[in-house]
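Just so you know, the sequences run in chain order D and V.
Those letters in the first sequence? Residues 157 to 544, by my numbering.
Those letters in the second sequence? Residues 157 to 544, by my numbering.
A virtual CB, placed ideally from N, CA and C, is assigned to each residue, including glycine.
Below is one structure, written out as structure tokens, with a few remarks after it.
Protein chains: 2
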Amino acid sequence: MNRFEPNLRIPGPTSLPDAVREAGARQMVNHRGPEFAILQNRIVDRLKAAFKTQNDVLILTAAGTGGLEAAIVNFLSPGDKVLSVTIGAFGDRFAKIATTYGAEVTKVASEWGKAADTVKVREALEAGGGWKAVLLTQNETSTAVTNPIAELAAIVKAAAPDALIIVDAISGLGAVPFETDAWDLDVVVSGSQKAWMVAPGLCFVSVSPRAWQAAAVAKMPRFYFDLAAHKTSAESGQTPWTPAVAVMFQLDVALDLIEQETLPEIWKRHAAVGAAVRAGLTTLGFKLLADPAYASDAVTGAWVPEGIEWKTFNGKLRKLGLVVAGGQGALKGKIFRIGHLGHVTVPAILNAIAVLEQTMIELDQPVQPGAAVAAAQVAALKSLQLAK
Amino acid sequence: MNRFEPNLRIPGPTSLPDAVREAGARQMVNHRGPEFAILQNRIVDRLKAAFKTQNDVLILTAAGTGGLEAAIVNFLSPGDKVLSVTIGAFGDRFAKIATTYGAEVTKVASEWGKAADTVKVREALEAGGGWKAVLLTQNETSTAVTNPIAELAAIVKAAAPDALIIVDAISGLGAVPFETDAWDLDVVVSGSQKAWMVAPGLCFVSVSPRAWQAAAVAKMPRFYFDLAAHKTSAESGQTPWTPAVAVMFQLDVALDLIEQETLPEIWKRHAAVGAAVRAGLTTLGFKLLADPAYASDAVTGAWVPEGIEWKTFNGKLRKLGLVVAGGQGALKGKIFRIGHLGHVTVPAILNAIAVLEQTMIELDQPVQPGAAVAAAQVAALKSLQLAK
Numbered sequence: 157m158n159r160f161e162p163n164l165r166i167p168g169p170t171s172l173p174d175a176v177r178e179a180g181a182r183q184m185v186n187h188r189g190p191e192f193a194i195l196q197n198r199i200v201d202r203l204k205a206a207f208k209t210q211n212d213v214l215i216l217t218a219a220g221t222g223g224l225e226a227a228i229v230n231f232l233s234p235g236d237k238v239l240s241v242t243i244g245a246f247g248d249r250f251a252k253i254a255t256t257y258g259a260e261v262t263k264v265a266s267e268w269g270k271a272a273d274t275v276k277v278r279e280a281l282e283a284g285g286g287w288k289a290v291l292l293t294q295n296e297t298s299t300a301v302t303n304p305i306a307e308l309a310a311i312v313k314a315a316a317p318d319a320l321i322i323v324d325a326i327s328g329l330g331a332v333p334f335e336t337d338a339w340d341l342d343v344v345v346s347g348s349q350k351a352w353m354v355a356p357g358l359c360f361v362s363v364s365p366r367a368w369q370a371a372a373v374a375k376m377p378r379f380y381f382d383l384a385a386h387k388t389s390a391e392s393g394q395t396p397w398t399p400a401v402a403v404m405f406q407l408d409v410a411l412d413l414i415e416q417e418t419l420p421e422i423w424k425r426h427a428a429v430g431a432a433v434r435a436g437l438t439t440l441g442f443k444l445l446a447d448p449a450y451a452s453d454a455v456t457g458a459w460v461p462e463g464i465e466w467k468t469f470n471g472k473l474r475k476l477g478l479v480v481a482g483g484q485g486a487l488k489g490k491i492f493r494i495g496h497l498g499h500v501t502v503p504a505i506l507n508a509i510a511v512l513e514q515t516m517i518e519l520d521q522p523v524q525p526g527a528a529v530a531a532a533q534v535a536a537l538k539s540l541q542l543a544k
Numbered sequence: 157m158n159r160f161e162p163n164l165r166i167p168g169p170t171s172l173p174d175a176v177r178e179a180g181a182r183q184m185v186n187h188r189g190p191e192f193a194i195l196q197n198r199i200v201d202r203l204k205a206a207f208k209t210q211n212d213v214l215i216l217t218a219a220g221t222g223g224l225e226a227a228i229v230n231f232l233s234p235g236d237k238v239l240s241v242t243i244g245a246f247g248d249r250f251a252k253i254a255t256t257y258g259a260e261v262t263k264v265a266s267e268w269g270k271a272a273d274t275v276k277v278r279e280a281l282e283a284g285g286g287w288k289a290v291l292l293t294q295n296e297t298s299t300a301v302t303n304p305i306a307e308l309a310a311i312v313k314a315a316a317p318d319a320l321i322i323v324d325a326i327s328g329l330g331a332v333p334f335e336t337d338a339w340d341l342d343v344v345v346s347g348s349q350k351a352w353m354v355a356p357g358l359c360f361v362s363v364s365p366r367a368w369q370a371a372a373v374a375k376m377p378r379f380y381f382d383l384a385a386h387k388t389s390a391e392s393g394q395t396p397w398t399p400a401v402a403v404m405f406q407l408d409v410a411l412d413l414i415e416q417e418t419l420p421e422i423w424k425r426h427a428a429v430g431a432a433v434r435a436g437l438t439t440l441g442f443k444l445l446a447d448p449a450y451a452s453d454a455v456t457g458a459w460v461p462e463g464i465e466w467k468t469f470n471g472k473l474r475k476l477g478l479v480v481a482g483g484q485g486a487l488k489g490k491i492f493r494i495g496h497l498g499h500v501t502v503p504a505i506l507n508a509i510a511v512l513e514q515t516m517i518e519l520d521q522p523v524q525p526g527a528a529v530a531a532a533q534v535a536a537l538k539s540l541q542l543a544k
């Protein structure tokens with residue numbers, strides 16, 4: 157029997173295309189030399205294109221959480237009023253970073269599975285005053301919900317025009333439509349191991365001129381994540397501290413692939429795989445976590461069926477080569493999440509649905525063989541048809 | 157004519173052995189799954205062996221500077237008295253991080269090229285009181301000097317027994333003898349792209365029980381670099397934020413190679429290449445930066461000959477395939493540095509000396525063809541002979 161590579165369906169690190177993988181095996185170069193400067197400048201130009209921004213985009217050697225920390229400590233001072241719009245574990249984390257560094261944080265939280273409540277956000281902004289920043293999550297990986305960032309940003313602009321809009325777009329940017337400049341977003345964070353199809357180790361932060369003005373007077377302490385130091389170094393194609401060179405090599409190749417496929421086609425592909433996963437899971441009888449109106453096309457969360465242990469369920473999936481993610485926080489052991497971002501195709505999703513179908517049959521669940529795979533395939537084709 | 161790979165002789169990122177390079181091309185895995193936990197635990201065990209410690213060793217996704225920040229913010233509070241023993245750019249950086257987060261820093265600085273002045277360190281410690289920490293640099297990459305850490309640690313223990321000893325061992329650990337526990341060091345930092353022969357992106361921090369006690373009451377803000385969170389995650393073979401998985405794959409292979417060669421043999425090899433570089437450069441008429449008594453066996457700095465522009469000099473080296481590092485801070489354009497740590501052999505150093513010899517001849521310097529290569533070879537053989 158053939159051995160297949162496991163189907164890595166977690167919402168990051170995502171599976172790497174071969175050409176990207178292989179670039180991780182290149183020999184090191186001098187990170188202060190001309191070859192590296194050319195590489196970095198070429199990467200930054202294409203990151204800007206994908207962020208859809210003319211703002212600076214800076215590259216940090218860190219996990220996405222490091223990018224979130226940079227997005228707080230560079231622009232705020234202790235005591236600053238911050239509105240945290242949180243819809244899950246990563247929104248809560250973002251708020252906690254701001255609190256840790258002394259910001260006065262007010263939370264507008266949604267029930268997990270729901271998008272941000274635009275009415276409550278407007279009310280909270282109008283009830284207070286002197287907001288220095290609003291923290292938003294584009295794609296909440298813990299609940300598989302994508303927020304309407306354009307709409308939320310417009311509300312902030314109207315109700316608190318002086319507040320910086322700071323967006324965690326770690327797991328959604330590059331997978332679903334996103335417009336940094338058209339939506340007038342001040343600070344946007346993304347991470348290499350998500351839709352970028354690259355190993356973890358790098359994150360990217362875009363900074364608007366307005367945000368740079370805030371940085372000039374912001375008093376939270378920062379050194380490793382000092383973005384002004386990163387901007388100065390970037391002017392000569394460098395980073396202030398030694399960058400994750402091998403991950404940069406991978407990113408360079410991944411950006412080639414993204415450029416070749418084009419963003420609109422990538423978004424269509426993600427819409428199709430998102431539709432396929434939701435149709436397949438629903439046909440199998442799974443209850444989805446996310447409000448259907450805001451279901452993420454990058455990740456899907458579903459409840460583990462009642463009466464079935466998460467460990468048993470996950471063990472069976474793993475035996476059939478499917479690697480999914482568990483729940484986070486209060487949802488640990490209760491839900492599972494399927495990542496479908498970055499290097500993902502409809503056939504890869506059909507494989508995942510087939511494994512889930514087989515597992516449900518083994519667990520004596522009322523499942524009609526083949527139906528889920530068929531439903532997923534049809535949903536994907538319909539999505540692609542509509543997108544034409 | 158054959159094309160050779162450039163001889164990358166900068167003090168990090170260092171050149172990678174083929175098996176290490178290739179591990180960077182592996183497909184991603186679930187960083188919350190059992191395979192990753194096994195990998196991380198195996199890595200941590202061998203890092204502890206190389207650090208020569210029973211203390212916790214935690215893995216952070218960051219450049220070495222991130223490790224230095226972690227070594228400050230986890231153990232100190234604003235207003236804490238810190239003695240910074242600095243002998244170059246990286247010692248100054250370490251002090252600046254402490255100042256940035258509000259420590260009250262007193263510097264004992266050496267002239268660049270000298271090791272720490274043990275008398276001045278003792279006097280400074282005795283002159284003050286209430287020292288919370290002493291910051292030491294093991295191997296100062298900017299000046300190519302290795303400090304006598306055992307001796308310095310003993311002085312701190314005698315004069316300020318309550319002070320934590322925090323050591324930047326980024327560029328020396330794994331290249332030259334180092335004993336975390338025997339020297340009673342509380343916090344030690346190293347970085348993947350140095351003697352470990354791995355791409356940049358990871359750093360390692362060892363933490364003594366005494367340092368953990370300090371961490372429990374330390375008030376400097378921290379989130380991404382929170383070592384307590386790393387310790388908690390490490391207990392289940394994880395990291396709190398997504399780790400640089402591809403660099404972990406490389407580190408796993410590099411630790412195999414280190415285990416096979418054994419630390420004593422690695423130290424002998426570094427002593428030999430250090431002796432070879434110094435003999436070759438001296439024979440070519442270069443003036444070395446470092447005090448010979450404390451010359452580093454991981455990196456060597458030498459003055460660019462008078463009347464020769466750094467850019468011209470470096471351009472000629474590059475054309476012959478030799479990549480060296482320039483000077484830092486006040487030494488920019490005045491010195492060059494040759495890295496000889498990690499994956500380095502005597503023949504690789506002879507290649508570098510040959511290129512330097514050829515360049516000096518092209519620049520009409522009074523050089524006897526072949527003499528420098530011969531001197532380097534003899535010095536290496538002598539060093540290896542003595543070490544037997």
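*Candidates V:E296, V:L239, V:G269 and V:T170: which alpha carbon is nearest V:F246's?*
V:E296
*Quick one: residues in its chain with C-beta nearer than 6 Å to the C-beta of D:S171, no 5 flanking neighbours on either side, listed in chain order?*
L164 and H499
*asked:* Please list, in chain order, the residues of the region 391-413 of chain V that have any C-beta partner in chain D closer than 7 Å.
replied: W397, T398, P399, A400, V401, A402 and V403
*If we count the other Cβ atoms within 10 Å of its Cβ and call it buried at 16 or more, is V:V373 buried or exposed?*
exposed
*For V:Q183, go through chain D and note every residue whose CB falls closer than 7 Å to its CB, in chain order.*
E161, S171, L172 and R177
*Is the Cβ of D:R493 closer than 8 Å to any Cβ of chain V?*
no
*Are the Cβ atoms of V:A435 and V:A319 separated by less than 8 Å?*
no
*Around the C-beta of V:I422, are 16 or more other C-beta atoms found within 10 angstroms, so that it is buried, or is it exposed?*
buried
*Give a yes or no on whether the minimum CB-CB distance between V:Q349 and chain D is below 8 Å.*
yes
*In chain order, which alpha helix (DSSP H) runs of at least 4 residues are fully inside the region 455-483 of chain D?*
466-475
_Distance cutoff 8 Å, beta carbons only. Does V:N295 sit that close to anything in chain D?_
no
*Using a threshold of 8 Å, state whether the C-beta atoms of D:V185 and D:V409 are closer than that.*
no
*Inter-residue spacing [alpha-carbon to alpha-carbon] between D:G330 and V:T398*: 19 Å
_Reduced DSSP secondary structure (H/G/I, E/B, other) of D:T293_ = strand
*Kindly say whether V:H187, judged by its beta-carbon, lies nearer than 8 Å to any beta-carbon of chain D.*
yes
*Applying the criterion that 16 or more other CB atoms from any shown protein chain within 10 Å of the CB defines a buried residue, is V:L214 buried or exposed?*
buried
*asked:* Less than 6 Å between C-beta atoms, sequence neighbours within five positions excluded: which residues of the same chain meet that for V:L540?
replied: A428
*Is it buried or exposed for V:I509, if we count other Cβ within 10 angstroms and need 16 for buried?*
buried
*Could you tell me whether the Cβ of V:E260 comes closer than 8 Å to any Cβ of chain D?*
no
*Listed from N- to C-terminal order along the chain, which residues in the region 240-257 of chain D have their beta-carbon within a distance smaller than 8 Å of any beta-carbon of chain V?*
K252, I253, T256 and Y257
*For D:E415, which three-state DSSP category applies?*
helix
*asked:* According to DSSP, simplified to helix, strand and coil, what is D:T221?
replied: helix
*Proximal residues to V:P396 (C-beta, below 8 Å), its chain only, five neighbours per side dropped*: D382, A385, H386, T388 and S389
*asked:* Checking the sheet assignment: what are the DSSP bridge partners for V:D212?
replied: V:V363
*Return the Cβ separation of D:T456 and D:L440 in integer angstroms, given the expectation that the two are a contact with Cβ distance under 8 Å.*
With a Cβ gap of about 12 Å, D:T456 and D:L440 do not count as contacting.
*List the whole-angstrom C-beta distance separating D:V229 from D:V261, where the pair is believed to meet the contact cut-off of C-beta under 8 Å.*
With a Cβ gap of about 14 Å, D:V229 and D:V261 do not count as contacting.
*By the 10 Å Cβ neighbour count, where 16 or more other Cβ atoms means buried, how is V:F160 classified, buried or exposed?*
exposed
*asked:* Output needed for D:L407: all residues of its chain with C-beta closer than 7 Å, excluding positions within five of it in sequence on either side, in chain order.
replied: I199, S348, W352, V354 and L358
*How far does the alpha helix (DSSP H) with D:L512 in it reach, from first residue to last?*
V502 to E518
*Give the DSSP-derived three-state secondary structure of D:S240 in the structure shown.*
strand
*For D:I494, write down the residues that DSSP places opposite it in a beta bridge.*
D:T456
*Span of the beta strand (DSSP E) holding D:I322?*
L320 to D324
_D:K263 - partner residues in DSSP beta bridges_ = D:S240
*List the residues that DSSP assigns as beta-bridge partners of D:N163.*
D:L478
*How would you call V:N158, buried or exposed, if buried means at least 16 neighbouring beta carbons within 10 angstroms?*
For V:N158, the predicted model reports a pLDDT of 48, less than 50, meaning its position is unreliable; a value from the coordinates is still stated below. The residue is exposed, with fewer than 16 neighbouring Cβ atoms inside 10 Å.
*Of all Cβ atoms in chain D, is any one closer than 8 Å to the Cβ of V:L110?*
Examination of residue 110 of chain V is not possible in this model, given that chain V is present from 157 through 544 alone.
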